[in-house]
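Here the structure is laid out as structure tokens; the discussion comes afterwards.
Residue numbers (full-length UniProt numbering): 1 to 537.
Structure below.
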């Protein structure tokens, strides 16, 4: 914690040298613009426009969601109104959007006669023909706890951490901040207060969790501000979500004597977007928040698929985990069927820690293009896998643990290919690791192999071959033995988990079946692999 505060103070002081810029007439208009939400990739800005004649309701004070797409420099496309069902009520809002752009967090509304009640939260998912209708989030206890006049929410980039702002006091206008978590069974937990270091007797609202999963920005009228509500920042200190660093005021020019809220930044952390109020008229503005320095850290390599995960080489950097909210890597790719090249229905993507097997979050591919985006903080070894009913898929892995932290990076073309479960289907077990030149399985392999066990337990008639392969380094005899021993290690693990011996065959092929020329380290890595081949199903 002692290292966090000086860095945070320097960042806050640096803002004083910057000047906010309003986003111009492509976004701001003669009407009021509030509640901006920048997409994690920084390419789409959503906001609410008040009392516009094109809004779903023609009543004064109506509120619809509009959006604009970033072009270059200070140029944005002309704002357009989001279609139904995003805009279908008198008051419409988007609280957050996931990195893949395919899930929106909004409020849940109910009509009681002519009255509209906003109580609770809902998500909308993108479909091939547009957006589905909102689906209420079933959060235990929330209906009884949420008694205040206002509410706000933020769905974190992991898709399973939900920050909430509401009051447990009837008709109160001052909110507190809470968190709810989505478990593997798809159930949300009862909201838990973020604790006394965040919540005060005043108002804490509009929470925003940066892409690192630790840096919290929120609006509060606590003592020490410049006027009404100001933007504050705090860092999560442990996994309890109740211990936070002392909140720091971001100061001028972000904060003013007016009401300051709705702070939002992309995963890069480069620009901060917020609402600025002049003579009672609210507009969307931005300020240069953190400069990106991509040359300060080399892009991380994908961990080796057979030998022990590779150690990233490159220019050393200080360990900034927990300090910089832009210390993340954006993974971009597509999910598709190996045969049809189309996106299977109801596909999802799961990312996990290969260190301890914890599921860290989920993402959804675009239903038409298959594109997905995931933001991953430095400091862990990650596995990324597709999940589609009736398919098997090739996983990816990424070692960000040895770096410890660095600037924002984007890694493209990380495609996830799935194959229908059928005899002859073959998938590389990319997240199976061995000690170098040995057949000893590394612990990082267990989550991947446990999923193979789970699949074979569901498919009772399935028999498989575990095929081991090497690159061309070494003698033919040594490579044949190593590949056989590694395949046997995988087979033995599956048997130890209850799979019948007759259902699994291990076969080593040495260097005889390369998938790429053995002419570069990267190609050799591709050839060092273990394959899962369905013999009968």
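By construction, the Cβ of each residue, glycine as well, lies at the ideal position given by its N, Cα and C atoms.
None of the values given here were measured: they were computed from a predicted structure.
Drop a sphere of 10 angstroms on the beta-carbon of residue i, count the other beta-carbons inside from all chains shown, and report buried for 16 or more, exposed for fewer.
i           : result
residue 418 : buried
residue 530 : buried
residue 532 : buried
residue 360 : buried
residue 141 : exposed
residue 214 : buried
residue 333 : buried
residue 513 : exposed
residue 373 : buried
residue 547 : One cannot answer for residue 547 here, as it falls past the ends of the chain, which runs 1 to 537.
residue 358 : exposed
residue 482 : buried
residue 378 : buried
residue 528 : buried
residue 151 : buried
residue 99  : buried
residue 339 : exposed
residue 356 : exposed
residue 227 : exposed
residue 64  : buried
Taking residue i as the reference, which of the options has the closest Cα?
i           : options            : result
residue 525 : 431, 536, 440      : 431
residue 375 : 345, 412, 357      : 412
residue 351 : 461, 238, 416, 128 : 416
residue 162 : 206, 521, 438, 132 : 206
residue 67  : 512, 387, 46       : 46
residue 20  : 201, 169, 254, 49  : 254
residue 279 : 273, 259, 272      : 259
residue 456 : 131, 144, 499, 210 : 499
residue 248 : 414, 84, 445, 220  : 220
residue 328 : 409, 471, 270      : 409
residue 394 : 400, 384, 401      : 384
residue 222 : 211, 237, 200      : 200
residue 473 : 447, 449, 467, 517 : 517
residue 193 : 241, 83, 471       : 241
residue 428 : 441, 34, 465       : 465
residue 400 : 353, 190, 362      : 353
residue 202 : 243, 420, 177      : 177
residue 149 : 160, 132, 159, 167 : 167
residue 344 : 160, 51, 390, 494  : 390
Pull up the distance between the alpha-carbon of residue i and that of residue j, whole angstroms please.
i           : j           : result
residue 196 : residue 27  : 38 Å
residue 134 : residue 503 : 45 Å
residue 294 : residue 58  : In this prediction, residue 294 scores a pLDDT of 38, lower than 50, which makes its location untrustworthy; the coordinate-derived value is nonetheless stated afterwards. Going by the C-alpha atoms only, they are around 47 Å apart.
residue 347 : residue 43  : 24 Å
residue 462 : residue 534 : 7 Å
residue 110 : residue 22  : 35 Å
residue 173 : residue 458 : 52 Å
residue 229 : residue 92  : 23 Å
residue 380 : residue 53  : 49 Å
residue 492 : residue 480 : 18 Å
residue 175 : residue 25  : 33 Å
residue 289 : residue 251 : 13 Å
residue 522 : residue 48  : 48 Å
residue 274 : residue 284 : 6 Å
residue 313 : residue 79  : Here residue 313 scores only 27 on pLDDT, less than 50, and its place in the model is too uncertain to base an answer on.
residue 119 : residue 154 : 15 Å
residue 448 : residue 441 : 12 Å
residue 485 : residue 519 : 25 Å
residue 444 : residue 238 : 24 Å
residue 307 : residue 382 : In this prediction, residue 307 scores a pLDDT of 42, lower than 50, which makes its location untrustworthy; the coordinate-derived value is nonetheless stated afterwards. Answer to the nearest angstrom: the Cα atoms are 16 Å apart.
residue 366 : residue 130 : 11 Å
residue 188 : residue 511 : 49 Å
residue 106 : residue 191 : 17 Å
residue 469 : residue 337 : 24 Å
residue 18  : residue 211 : 23 Å
residue 302 : residue 387 : Unreliable positioning characterises residue 302 in this predicted model, as indicated by a pLDDT of 42, which lies under 50. The coordinate reading is nonetheless provided below. If you take the alpha carbons of residue 302 and residue 387, they lie about 21 Å apart.
residue 61  : residue 55  : 10 Å
What do you reckon, is the C-beta of residue i under 7 Å from a heavy atom of the ligand ATP?
i           : result
residue 167 : As for the ligand ATP, it is missing from this structure, which has no ligand bound.
Between residue i and residue j, which are expected to be in contact by the criterion C-beta below 8 Å, what is the C-beta distance as a whole number of angstroms?
i           : j           : result
residue 137 : residue 156 : Rounded, the Cβ-Cβ distance is 14 Å, inconsistent with contact.
residue 208 : residue 263 : 6 Å
residue 423 : residue 341 : The pair is not a contact, with the Cβ atoms about 22 Å apart (cut-off 8 Å).
Within 8 Å (strictly less), CB to CB, does residue i reach chain B?
i           : result
residue 226 : Considering every chain present, this structure includes no chain B. It has just one protein chain.
Let me know the beta strand (DSSP E) ranges lying completely inside the region 126-168, each 3 residues or longer, listed in chain order. 152-155, 161-166
Could you give the uninterrupted runs of the beta strand (DSSP E) lying entirely in the region 54-89, keeping only those of 3 residues or more? 63-72
Residue ranges of each beta strand (DSSP E) run of no fewer than 3 residues wholly in the UniProt domain "OmpA-like" (421-537), ordered along the chain? 426-428, 463-469, 504-508, 529-536
Every unbroken beta strand (DSSP E) within the region 247-281, with a cutoff of 3 residues, ordered by chain: 271-278
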